[in-house]
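Trainee: Sharing a structure below in structure tokens format, with a few things to ask.
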Amino acid sequence: MPEVVVRPSAQLRPRPGDEELTIQQVEQISLFKGLSRRPDLGKLPGTVILRHFRKGEVICRQGEPGWTAFYILKSEDLLELRESQAHGAPGEPQIAELKAHVEQLRSAGAASELRHAASAHLAIARPGEGGLFRRLTRALLPTPKKTVDKKPLFIPIDGPTDIDYDSLEGRIYEGEVFGEMSCLLHTPRSATVVAVRDCTMLETLRNVLDLMLANANKAFKTQMDETYKKRVLELHLRGLPLFGDLPMDVFQEVQPIIQARAELDAFGSGTLLCDENERSDSLFLIRGGFVKVMKNVTSLLNPAEIADWQALYAQLVAGAQEESGPRRKLWQLLPAPIQESCRLGIQHDLAAAARSELVHALNDILRTARLYDAAEFKEHVKASGLVAEGEKFPAKLARWNDHERARKVNRALLAAVCPAIPRQNRLAGSPRILSYRSRGDAIGEMGLFTGEPRNATCIAYEHPDKEKLGEVELVKIDAALFQDLLRATPALRERLDELVTQQAEENRRRLAQPLGDERRPLAHTDRFEELALIQGQRLMLIDLDRCTRCDECVRACVNSHDDHRTRLILDGPRIGKYLVPATCRMCKDPVCLIGCPVGSIHKGGNGQIVIEDWCVGCSRCAENCPYSSIQMHDVGLIPRAAQGWRYLPAAALAKESRWRHPSFPDDDWPAGPAPFQWSRIFKESLGVHSAAGGPLCFRLGFYIAKNLLASGQTYQLQVQSRDPSIGLWINDKAITLEKARPDGAAKRDKGCDWHLEAELGVATLRAGQNLIAASVTPSGSGKETFFDLGLYSAPDAEAPRGVEGEFTGEVVMRLAVVCDLCSTLPSRAPACVTVCPHEAAMRLDSRTSFPAQ
1248 MPEVVVRPSA QLRPRPGDEE LTIQQVEQIS LFKGLSRRPD LGKLPGTVIL
1298 RHFRKGEVIC RQGEPGWTAF YILKSEDLLE LRESQAHGAP GEPQIAELKA
1348 HVEQLRSAGA ASELRHAASA HLAIARPGEG GLFRRLTRAL LPTPKKTVDK
1398 KPLFIPIDGP TDIDYDSLEG RIYEGEVFGE MSCLLHTPRS ATVVAVRDCT
1448 MLETLRNVLD LMLANANKAF KTQMDETYKK RVLELHLRGL PLFGDLPMDV
1498 FQEVQPIIQA RAELDAFGSG TLLCDENERS DSLFLIRGGF VKVMKNVTSL
1548 LNPAEIADWQ ALYAQLVAGA QEESGPRRKL WQLLPAPIQE SCRLGIQHDL
1598 AAAARSELVH ALNDILRTAR LYDAAEFKEH VKASGLVAEG EKFPAKLARW
1648 NDHERARKVN RALLAAVCPA IPRQNRLAGS PRILSYRSRG DAIGEMGLFT
1698 GEPRNATCIA YEHPDKEKLG EVELVKIDAA LFQDLLRATP ALRERLDELV
1748 TQQAEENRRR LAQPLGDERR PLAHTDRFEE LALIQGQRLM LIDLDRCTRC
1798 DECVRACVNS HDDHRTRLIL DGPRIGKYLV PATCRMCKDP VCLIGCPVGS
1848 IHKGGNGQIV IEDWCVGCSR CAENCPYSSI QMHDVGLIPR AAQGWRYLPA
1898 AALAKESRWR HPSFPDDDWP AGPAPFQWSR IFKESLGVHS AAGGPLCFRL
1948 GFYIAKNLLA SGQTYQLQVQ SRDPSIGLWI NDKAITLEKA RPDGAAKRDK
1998 GCDWHLEAEL GVATLRAGQN LIAASVTPSG SGKETFFDLG LYSAPDAEAP
2048 RGVEGEFTGE VVMRLAVVCD LCSTLPSRAP ACVTVCPHEA AMRLDSRTSF
2098 PAQ
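Number 2100 marks the last residue of the sequence shown (this note's numbering); no jumps.
So this is what it looks like as structure tokens:
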């Protein structure tokens, strides 16, 4: 039976009465039975905990970070669990009581109030009651009765229920999951949940929830989408300016219509969502990610660009008279009603509405046709010098750049065939970024309300070079649904009119600002977009005009953390006079939280990123982060890339064999850090011995505290080498090496021939100073490592209960480190900013506080 590697146990905050279940017991719970494949919980100890809550205990609090989800066990689940734990002793009082309760539930039906287990409570500000005089007046004098009740029946939360407005309380029942939306969307808890009776539930980490969704059947995933539409969508709607100020009775009419007919969709980074001058056929509510709103980047036509309509009609109709050629092809692409309008337009000038329809028809050709591939346009493609452009287009246009190039080429070809169509957009100025929209915002509402074409281009925008992680999630409301909303709620029309006027004025103001204006915000420049600074909720900038390079900020960062590792690296790109150092930006949609195999990374109460102690050093978070804000640090008694190695060719030692002994003097040996490559620089470091062939001798001293060995701790030696006959000694004792397991160092050290291990304990190591020596024959090129090693704690692996086999603990060789905004300090303020003597360092929200040029 193969050996199973068990990862470090997750350490959620312990509670009295927590239970450890066997894998079989967890998998028999209803929550896991609906999965097509169940998560391998045997390798993930501590990620699922059975918790018991007594009546009145708080399960989670409103506003705290939400990085776990809860499932309240059904009474049937709990009975099955207790029977499996009783080992054939069904007469226990608790089992008998549970059986009676289950029978009572079956008799009462599935919707029985007996399943009520917890209540969700919402803390909100309510109108004041007034002073003492006002209260006395109301008590003594009759008050008129309200004719219309404006308050809502329920207030939505991130849970399987709504909260009653009067009691601010909602019920949660057995068999329901709550907290999963906060866990998945990285948002704070939206309500406080309290147990109303003694109940039992599972608490799971985010990584288990991810595995469940990945292995869920279609019905389970559909249920999750419906959960979003019923719960979180209403929260998002209420936070939108479009719906936020509506009276509650009006909002109650709008919300069910949207829930029933809205579409949920996700788009990859760089996807074109809508283009300027397109027909306005929908609006989008952003549920995740960013959308970039731009002006003057489209190649689509605007009616105002057509200077001679009669010439356009004549040039299009001419295609009907030709037997073949590009004009004939263009005429065939136009719908029949548009063809008839063109014929009429030659005789009588068309109305504005008919002209708009013609332009929309031409834009449809620009958007969807591949004129550069059509045989009829081949000569024009060559004559216009567009051959190279046409060869760039993929079979399927997906990203914004593909659409931009294709539409630009199509526009050039139309202009060549019909000179009445200008090749360039004469009214367009320089490309401008109007704004960035994020979770909770709406886009496209102006065009739907006014009936005008789109007035801007919207692109799904996320972290750069992270297409797979950079999805933008949207809720789509089409034109038909939008019109139904306006008809059902006249107050919505008034609110929209106000918002559209405000937005139009804001766009006019931004477009009127000259590009060279020093007062223009850097947030609206190409450089800002290139650096993806829009993500930063606590972005750090350093004013280089003020900074004196004193490094006080770095020293403060080091001194603020017990591990004495800096989270701030004063290196990075520049924008204007500001340096953007490599430190955490506290992204609005942090992709570093995605895919952690052990669920050790999450958001904290101060908005900071937290990496828990059970990190296994897989580097997934550091690789996901596009901004190099997470650093990986080697750990261990001897970490990889250790400093202080001494080395010398064995030929230079003649017959000397004591070089492996700790007391052997090596002060005159060359010194350097690992890993070692057989490069020109390394050979030059050997000096007069550089020409000597054969093996090289390596020595490194290291220290072990007495208490570490006294505790019986064992260690694992991980060796990377290209020499199959490598020799290794610790304190002059030979070490026998074995080939590493596939999931050991071999996964990390690509391009190496040998990955070797050895288990070490008190028989080899000693308290105090130790020495490791190695004899290695170098080989390979200057870019390949021929020798490196590390010595790490070898954790004991406890076999999962109820599972047979051989288990070993995963050796952690690296740990991830990220800025935590100094949230553990009493001030909870970033030390790097507060200690700067020149007020050069700052933390700001890039969407609202980014400085001007």
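Just so you know, even glycine gets a beta-carbon here, dropped at the ideal spot from N, CA and C. Quick caveat: nothing in here was measured; it's all calculated off a predicted structure.
What does S2104 pair with, by DSSP beta-bridge criteria?
Mentor: No answer is possible for residue 2104: it lies beyond the span of the chain, which begins at 1248 and ends at 2100.
Trainee: Taking Cβ to Cβ, would you say I1296 is nearer than 9 Å to Y1420?
Mentor: No, Cβ-Cβ distance for I1296 and Y1420 is not below 9 Å.
Trainee: Determine, using beta carbons only, whether E1540 and A1703 come nearer to each other than 9 Å.
Mentor: Residue identity check: residue 1540 is Val in the sequence provided, not Glu. Taking 9 Å as the Cβ cut-off, V1540 and A1703 qualify as a contacting pair.
Trainee: According to DSSP, is D1970 helix, strand or coil?
Mentor: coil
Trainee: Who are the Cβ neighbours of L1345 in its own chain at under 7 Å, not counting the five residues just before and after it?
Mentor: S1322, L1325, L1326 and R1329
Trainee: Thinking C-beta only, is I2019 closer than 9 Å to L1947?
Mentor: Taking 9 Å as the Cβ cut-off, L1947 and I2019 qualify as a contacting pair.
Trainee: Since C1797 contacts P2084 with CB under 8 Å, what's their CB separation in whole angstroms?
Mentor: 7 Å
Trainee: For W1314, which three-state DSSP category applies?
Mentor: coil
Trainee: Classify S1685 as helix, strand or coil using the three-state DSSP reduction.
Mentor: coil
Trainee: Kindly indicate the opening and closing residues of the beta strand (DSSP E) around K1539.
Mentor: F1537 to K1542
Trainee: Alpha carbon to alpha carbon, how far is V1443 from E1985?
Mentor: 57 Å
Trainee: Quick one, which of V1664, I1505 and V1719 has its alpha-carbon nearest G1566's?
Mentor: V1664
Trainee: In angstroms, rounded to a whole number, what distance separates the CA positions of E1776 and I1706?
Mentor: 12 Å
Trainee: Using the rule of at least 16 other Cβ atoms within 10 Å of the residue's Cβ for burial, across every protein chain shown, is A1992 buried or exposed?
Mentor: Confidence at A1992 is low in this model, with a pLDDT of 43, below 50, so the placement of that residue is unreliable and no value is reported for it.
Trainee: Where does H1627 land, buried or exposed, given buried means 16+ other C-beta within 10 angstroms?
Mentor: buried
Trainee: In terms of residue numbering, what span does the beta strand (DSSP E) encompassing S1366 cover?
Mentor: Per DSSP, S1366 belongs to the beta strand (DSSP E) from H1363 to H1368.
Trainee: Is it buried or exposed for E1510, if we count other Cβ within 10 angstroms and need 16 for buried?
Mentor: By the C-beta density criterion, E1510 is exposed, having fewer than 16 other C-beta atoms within 10 angstroms.
Trainee: Thinking C-alpha only, which one of S2096, S2074, C1430 and C1862 is nearest R2061?
Mentor: C1862
Trainee: Less than 9 Å between the C-beta atoms of I1690 and I1533, yes or no?
Mentor: yes
Trainee: Out of H1908, C1944 and Q1890, which one is the CA nearest neighbour of W1916?
Mentor: C1944
Trainee: For the 8 Å Cβ check, are there 3 or more pairs between the segment 2015-2035 and the segment 1777-1785?
Mentor: no
Trainee: Exposed or buried, what is Q1594 when buried is set at 16 or more other beta-carbons lying within 10 Å of its beta-carbon?
Mentor: exposed
Trainee: Any contact of the segment 1880-1889 with the segment 1847-1854, i.e. 3+ C-beta pairs under 8 Å?
Mentor: no
Trainee: Measuring alpha carbon to alpha carbon, tell me which of T1294, M1448 and T1795 ends up nearest S1277.
Mentor: M1448
Trainee: Kindly list the residues whose CB is nearer than 6 Å to the CB of R1740, restricted to its own chain and excluding five residues on each side of it in sequence; keep chain order.
Mentor: Around R1740, the same chain offers L1733 as residues with beta carbons nearer than 6 Å, after the five sequence neighbours per side are excluded.
Trainee: What does a CB cutoff of less than 8 Å around N1462 pick up in its chain, not counting 5 residues either side in sequence?
Mentor: Contacts found: L1282, S1283, R1284, R1285 and P1286.
Trainee: Starting from K1850, trace the beta strand (DSSP E) both ways and give me its first and last residue.
Mentor: I1848 to K1850 is the span of the beta strand (DSSP E), which, as asked, contains K1850.
Trainee: S1807 and L2072 look like a contact to me (Cβ under 8 Å); what is the Cβ gap, rounded to whole Å?
Mentor: 6 Å
Trainee: Just the C-alpha distance for R1262 and L1788, rounded to the nearest angstrom, thanks.
Mentor: 42 Å
Trainee: Using the rule of at least 16 other Cβ atoms within 10 Å of the residue's Cβ for burial, across every protein chain shown, is A2099 buried or exposed?
Mentor: exposed
Trainee: Locate the alpha helix (DSSP H) running through H1811, then write down its first and last residues.
Mentor: In the DSSP annotation of this structure, H1811 is not part of any alpha helix (DSSP H), being labelled neither H nor E.
Trainee: Measuring straight from C-alpha to C-alpha, what distance separates R1602 and A1554?
Mentor: 12 Å
Trainee: Measuring CA to CA, which of D1818, I1877, L1826 and R1436 is closest to C1839?
Mentor: Closest option to C1839, judged by alpha-carbon separation, among D1818, I1877, L1826 and R1436: I1877.
Trainee: Cβ atoms of D2067 and I1856: under 9 Å apart, would you say?
Mentor: The Cβ atoms of I1856 and D2067 lie closer than 9 Å to each other.
Trainee: Could you please give the first and the last residue of the uninterrupted beta strand (DSSP E) stretch that includes P2098?
Mentor: Where P2098 is concerned, there is no enclosing beta strand (DSSP E), given that its DSSP letter is neither H nor E.
Trainee: Taking the alpha carbon of W1976 as the reference point, which residue from A1803, N2017, A1952 and W1647 has its own alpha carbon closest?
Mentor: N2017
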